[in-house]
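**Student:**
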Amino acid sequence: MYNCVICRYHEIATKGNNRGMFERVLAENIRHQLRDLPGLLVRRVNGRVWIGREDRSPLIGEEIRAIRERLPRVCGLASFSFIVMTRVDIGEIRRAAQTLAPEIFAGKGEKPSFRIRARRSNKRFPMRSRDIEIDLVSRIAETPGVPDFVIDLDHADITLGVEVRDEFAALYTESLPGPGGLPTGSNPRVLTLLSGGIDSPVAAYLMMKRGSPTDYISFHSAPYTPPETTDKVIGIARHLNRYQISGKLYLVNLAEFQKEVRDRCEERFRTVLYRRAMMRIAEKIAAGHKCRALATGEALGQVASQTLVNLDVINRAVDMLILRPVIGEDKLDTIATAEKIGTMALSAPQVPDSCTVFAPASPATAAPLRQIEIQESLIPGYGALLEKIVAETETVIP
Ligand code: ATP
Ligand code: MG
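551 is the number of the first residue of the sequence shown in the working numbering; add one for each residue after it.
1. Compute the beta-carbon to beta-carbon distance between Gly626 and Tyr559, rounded to the nearest angstrom, for a pair I have assumed lies under 8 Å.
2. Is Arg874 helix, strand or coil when you go by DSSP?
3. Determine the contact status of Ile877 and Arg825, defining contact as a CB-CB distance below 8 Å.
4. For the structure I just gave you, are there three or more beta carbon pairs, one from the region 646 to 660 and one from the region 750 to 764, closer than 8 Å?
5. Can you give me the Cβ contacts of Val526 inside the same chain, cut-off strictly under 6 Å, excluding the 5 residues immediately before and after it?
6. Measuring straight from C-alpha to C-alpha, what distance separates Thr887 and Gly597?
7. Identify which residue in Asp880, Leu721, Ser750, Val624 has its Cα closest to the Cα of Leu896.
8. By how many angstroms is the C-alpha of Ser762 removed from the C-alpha of Asn737?
9. Any heavy atom of the ligand ATP within a distance shorter than 7 Å of the CB on Glu848?
10. Suppose you measure from the CA of Thr764 to the CA of Arg788; what does that come to, to the nearest Å?
11. Look at the alpha carbon of Val634 and the alpha carbon of Asp707, and state the distance between them as a whole number of angstroms.
12. Nearest CA to the CA of Val802: which residue from Ile786, Arg792, Thr780, Arg818?
13. Which of helix, strand or coil does DSSP assign to Tyr793?
14. Taking the beta carbon of Arg820 as the centre, do at least 16 other beta carbons fall within 10 Å, making it buried, or is it exposed?
15. Using only the alpha-carbon positions, how far apart do Glu612 and Glu561 sit?
16. Residue range of the alpha helix (DSSP H) that Tyr722 falls in?
17. Using three-state DSSP, classify His770 as helix, strand or coil.
18. If we require 3 or more residues per run, which beta strand (DSSP E) segments fall completely within the region 726 to 780?
19. From the DSSP output, in three-state form, read off Val634 for me.
20. Output the distance between the C-alpha atoms of Gly933 and Ile939, rounded to the nearest integer angstrom.
21. Between which residues of its own chain and Ser912 is the CB-CB distance below 8 Å, once the five residues before and five after are set aside?
22. Are the region 577 to 586 and the region 605 to 623 touching by the rule of at least three beta carbon pairs closer than 8 Å?
23. Under 8 Å between the Cβ atoms of Val624 and Asn579?
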């Protein structure tokens, strides 16, 4: 009997002049999620986004299941509710409440606590909120199939919300959570350095949640890393794309550069040298594909390459902005996010990573920039080698 979904957002509401743009992007993302469900309209009306059919006919089971499963992936959405939308008419509101009642009490046990929360923004409607609540409660109590209940205005097991607006009235019981944040696409695109680890998929998601769609770049070292290394990253990128309209994956083979480093540079600096090359390659690919910044899953102090000094030295390899959304996170919180977004299971299998190819036994934790620059000068044609590697990039649409 639900015939509509109301979508709520918080942060967008504070955006003043840009509000229309944020709402448009949010509606576009919702439409994308529901693109295989014909006939459902996604509309912006009075500071809310609505999903429903033109004739307000009830949503069918398949539509309800799809909406429940997919709207929690739409960044920018604070919460959503399935509602029964009626005309602004007390007779219709009563009928809708009585039709809904047996279903909302089903499975809630004996003597559940119940309340009605009415709101009336339509001041021409003759009944006040309190009158609406009293009127509906007595009718619901008499409805066949509704058990005895107690009224509890503070902590009810079941709450029926009623909104009487200018254009229509709405009845609903649950408010389901969305991810919050800003709609993906309301900020420029970034390029996330995606490994098979736990942190970088979370970083990609957090960028989307702040409004930036993301492409991905992943480094492998074939034939020193197996095909599983890239298969794993493709799987992660495909999963992350469920949260945005599109994102490409660029696969880059770093092995040739790593061999040069192995043969010519001091062993303890290898990791930092790899990471600076990764940033430089990523910067070039980002610039060529309209990505305005790089993002990584680096967290301060987590491993040798992520000490403050090494991060600084890595940072100085490029001019482009590098964003590190999990820099200050506790690892357990990052894991909790990875679980929530469904990447944890994909990151869990242990597969060799490009960074661990020819990894030094004891990496430098504070590589001096001057030393690193000298090491880089020992690689003949450093710039040309990176250009060649960029030219051989493979693009995957996950
Ligand atoms: P993650 O869990 O994301 O792999 P990590 O804690 O294992 O992170 P590192 O392996 O040092 O840390 O990598 C730090 C960051 O550098 C990663 O979060 C990712 O953004 C980037 N990175 C590391 N290895 C690769 C790779 N092979 N391809 C692309 N990016 C990488
Ligand atoms: Mg890693």
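Backbone N, C-alpha and C fix where the C-beta goes; we use that ideal spot for every residue, glycine too.
**Tutor:** Taking the definition as stated:
1. The residue labelled residue 626 in the question sits at position 76 within the sequence shown. The residue labelled residue 559 in the question sits at position 9 within the sequence shown. Contact holds; Cβ gap of about 6 Å.
2. Locating residue 874 in the sequence shown gives position 324, where the first residue counts as 1. Three-state result, Arg874: coil.
3. Sequence index remark: in the sequence shown, residue 877 carries index 327 (1-based). Sequence index remark: in the sequence shown, residue 825 carries index 275 (1-based). No, Cβ-Cβ distance for Ile877 and Arg825 is not below 8 Å.
4. no
5. As displayed, the chain neither begins before 551 nor continues past 948, which places residue 526 out of reach and without an answer.
6. Counting from 1 along the sequence shown, the entry for residue 887 is found at position 337. Counting from 1 along the sequence shown, the entry for residue 597 is found at position 47. Going from the Cα of Thr887 to the Cα of Gly597 covers about 29 Å.
7. In the sequence shown, the residue the question calls residue 896 occupies position 346. The shortest C-alpha separation from Leu896 is found at Ser750.
8. Position 187 of the sequence shown, counting from 1, holds the residue named residue 737. Position 212 of the sequence shown, counting from 1, holds the residue named residue 762. Distance between the alpha carbons of Asn737 and Ser762 is about 5 Å.
9. Translated into positions along the sequence shown, residue 848 becomes position 298. Yes, the beta carbon of Glu848 sits closer than 7 Å to at least one heavy atom of the ligand ATP.
10. Working through the sequence shown from its first residue, we reach residue 764 at position 214. Working through the sequence shown from its first residue, we reach residue 788 at position 238. Distance between the alpha carbons of Thr764 and Arg788 is about 12 Å.
11. Here the question's residue 634 lines up with position 84 in the sequence shown. Here the question's residue 707 lines up with position 157 in the sequence shown. Their backbone Cα atoms lie some 20 Å apart in a straight line.
12. Residue 802 sits at position 252 when you count from the first residue of the sequence shown. When each option's Cα is compared against that of Val802, the closest is Thr780.
13. Looking up residue 793 in the sequence shown gives position 243. Tyr793 falls in the helix class under three-state DSSP.
14. Working through the sequence shown from its first residue, we reach residue 820 at position 270. Buried.
15. For the purposes of this step, residue 612 is identified with residue 62 of the sequence shown, where counting begins at 1. For the purposes of this step, residue 561 is identified with residue 11 of the sequence shown, where counting begins at 1. Going from the Cα of Glu612 to the Cα of Glu561 covers about 30 Å.
16. Taking the sequence shown and counting its residues from 1, one reaches residue 722 at position 172. Per DSSP, Tyr722 belongs to no alpha helix (DSSP H); it is in the beta strand (DSSP E), 719 to 722.
17. On the sequence shown, residue 770 is found 220 positions in, with the first residue counted as 1. Per DSSP, reduced to three states, the secondary structure at His770 is strand.
18. 740 to 743, 764 to 770
19. Position 84 of the sequence shown, counting from 1, holds the residue named residue 634. Here Val634 sits in strand by DSSP.
20. Reading the sequence shown from its first residue, position 383 is the one you call residue 933. Reading the sequence shown from its first residue, position 389 is the one you call residue 939. So the two alpha carbons sit approximately 10 Å from each other.
21. Position 362 of the sequence shown holds residue 912. Spatial neighbours of Ser912 in its own chain (CB-CB distance under 8 Å, excluding positions within 5 residues in sequence) are listed in chain order as Arg818.
22. yes
23. If you number the sequence shown from 1, residue 624 lands on position 74. If you number the sequence shown from 1, residue 579 lands on position 29. Yes, the Cβ-Cβ distance between Val624 and Asn579 is below 8 Å.
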